Amino acid sequence: MFGLWEEARVPGETHTGTGRAYKLPAEATAGGKIRSLCGRAEHGATVCSSYCANLLWAENKKIYSVMFVVGMIFKKDTSQFLMGNNCFSGPSLMIEADIVMRGRDPKEPIMAHPPDTDSDITLREWLERVKEYGKGIKLDFKSMEAVSTSLVLLQEVLTEPYRPVWINADIFSGPGGQIGPLEHHTFLSVVTHLPSHTVLSLGWTTGWTAGTDNPGYSWDMVHMMEKICRDLKHPVTFPVRAALLAKSFSQLAWLLKQSDRYTLTVWTGQSDEFSLQDLLPYRDEFATSRIYFDLPDSLRARISSAQ
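This note's numbering applies: residue 3 is where the sequence shown begins, and numbers increase by one.
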């Protein structure tokens, strides 16, 4: 898993040194490490934007829930409870946040998802809270403008070797992608200076339309991604859209074979439609240490039980 959640190594061990102690069940660390990431849901969209996921491990084609991960909150009136009792002090191991630069003065990185350009929670405030707890961090950058300033703020957190950090951005245009990606050379020139245990989550902008023949990830797309990643020293995970995987198996299987530093993270859009059968070849073909599932709980259960 390339340093991801490396504290979860010893079955039944109580882990400390991260602001609080927590104990993972012995069966959750079978084989030496936690295996997969799965589950996404949205809560109270009219009040806040909170993305949730279950941290999972998989063994013998079965996927089990271990921990709960809660993401970013926009509105302070609701986030005081959620951030105080769920995101930070709850049993989650990692927290994901979307980052943009505030669209007004004072310009600074904030917790928001486009098209929003304002928020009353800044990245600085959020990181101050994160430092108090033993949480891993995934920062999803939606604008290049926010990257350099955010990484300066992140420096103190990055010096803690026990804290997993993922840095995510879409750096190429992918199937059906209409939103412009971050410029890949510019983005990588900034993030490649991060500590070697930092996971780079590098993806494609994508789109999906119901009732149409949506294309998969093309050979050109995976070749471009591999070319830009081959000389990186960091572990790299490629976020890929579940609804596009049926037509992408050969391409993504080839991509994973190019380096043992590479993994896939399978995610889905809220309204996407796809068949369970589209995902089973990925579950069956790849080692559990090479693929994460960031999917709804109901689908996770079906993947786990499918023959």
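Backbone N, C-alpha and C define an ideal beta-carbon position, used for all residues, glycine too. What you are looking at is a predicted structure, and each value in this text was computed from that prediction instead of being measured.
Restricting to Cα atoms, I'd like to know which of the options is closest to residue i.
i	options	result
Q260	E228, F276, E134, L246	E228
S195	R131, K249, L234, V242	Residue identity differs from the one stated: residue 195 is His in this sequence, not Ser. When only C-alpha atoms are compared, the closest one is L234.
F302	W210, V238, T270	At residue 302 the sequence reads Arg, which differs from the Phe that was named. Selected option, being the one with the closest Cα: T270.
T239	A248, Y264, M223, G218	Y264
A160	S307, T267, L266, V132	Ala is not the amino acid found at residue 160; the sequence shown has Leu there. Of S307, T267, L266, V132, the residue nearest in Cα terms is V132.
H225	A99, S250, A212	S250
L246	G179, E98, M96	G179
T310	D274, F288, F276	Beyond the ends of the chain as shown, which are 3 and 309, falls residue 310; an answer cannot be given.
L156	S273, G138, S291, S203	G138
Y284	A308, S191, I230, V192	A308
W168	S306, D142, E130, Q272	D142
L204	W210, P197, D172, G213	D172
K144	V154, D100, T211, P197	D100
What does a CB cutoff of less than 8 angstroms around residue i pick up in its chain, not counting 5 residues either side in sequence?
i	result
S220	P177, Q253
G182	S175, T207
M146	L184, E185, T188, F189
R292	L258, Y264, T265, L266
On the DSSP letters alone, give me the boundaries of the beta strand (DSSP E) that residue i sits inside.
i	result
D172	167-175
Y294	293-296
L266	264-269
Go through its chain and collect everything with a Cβ distance to residue i's Cβ below 7 angstroms, but skip five positions before and after it.
i	result
R304	L278
L125	I101, P111, I112, M113, S152, L155
K109	M103
For residue i, which residues in the same chain have their Cβ closer than 6 angstroms to its Cβ, ignoring the five residues on either side in sequence?
i	result
A114	V102, S121
D280	L247, A248
P27	Residue confidence is low: P27 scores 34 on pLDDT, short of 50, so the model does not pin down where it sits. No coordinate-derived value is stated.
Report the partner residues of residue i according to the DSSP bridge assignment.
i	result
E98	K140
G204	Here the sequence assigns Leu to residue 204, which means Gly is not the residue at that position. Bridge partners of L204: A171.
V2	Outside the displayed range of the chain (3 to 309) lies residue 2, so it cannot be described from this structure.
I112	V102, T124
G178	T208
Got a sec, what are the start and stop residues for the alpha helix (DSSP H) residue i sits in?
i	result
T365	Residue 365 lies beyond the stretch modelled for the chain, which goes from 3 to 309, so this question has no answer here.
M223	221-231
F251	251-259
T151	149-160
Y284	282-287
Which whole-angstrom value describes the C-beta separation of residue i and residue j, a residue pair presumed to lie in contact below a C-beta threshold of 8 angstroms?
i	j	result
G112	R104	According to the sequence shown, residue 112 is Ile rather than Gly. Going by Cβ atoms, the distance from I112 to R104 rounds to 5 angstroms, so yes, they are a contact pair.
L202	V193	6 angstroms
Would a check of beta-carbon distances place residue i closer than 8 angstroms to chain D?
i	result
D120	Protein chain content of the structure displayed is limited to a single chain, and chain D is not contained in it.
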